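Structure record follows, encoded as structure tokens.
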Amino acid sequence: MFTILTMLTLFISIMFVVSVASTISALHRESEESKRLHKRHKTL
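Just so we're aligned, residue 1 is where the sequence shown starts under UniProt numbering, counting upward by one.
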């Protein structure tokens, strides 16, 4: 019983870390795209 609970908490924590990492990478991508758009507007 205890091992099952431990595995569940481990799985949940891993999923949480993965979701946070994907959110951070998506935010980085969005900021890079906005920088590119700003550069294009400056050239226009």
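By construction, the Cβ of each residue, glycine as well, lies at the ideal position given by its N, Cα and C atoms.
No experiment lies behind these values; they were computed from the predicted model shown.
When you compare only the Cα positions, how much space is there between residue i and residue j?
i, j, result
"residue 14", "residue 25", "17 Å"
"residue 33", "residue 27", "10 Å"
"residue 10", "residue 17", "11 Å"
"residue 36", "residue 7", "44 Å"
Just verifying my parser: in three-state terms, what is the DSSP assignment at residue i?
i, result
"residue 7", "helix"
"residue 1", "coil"
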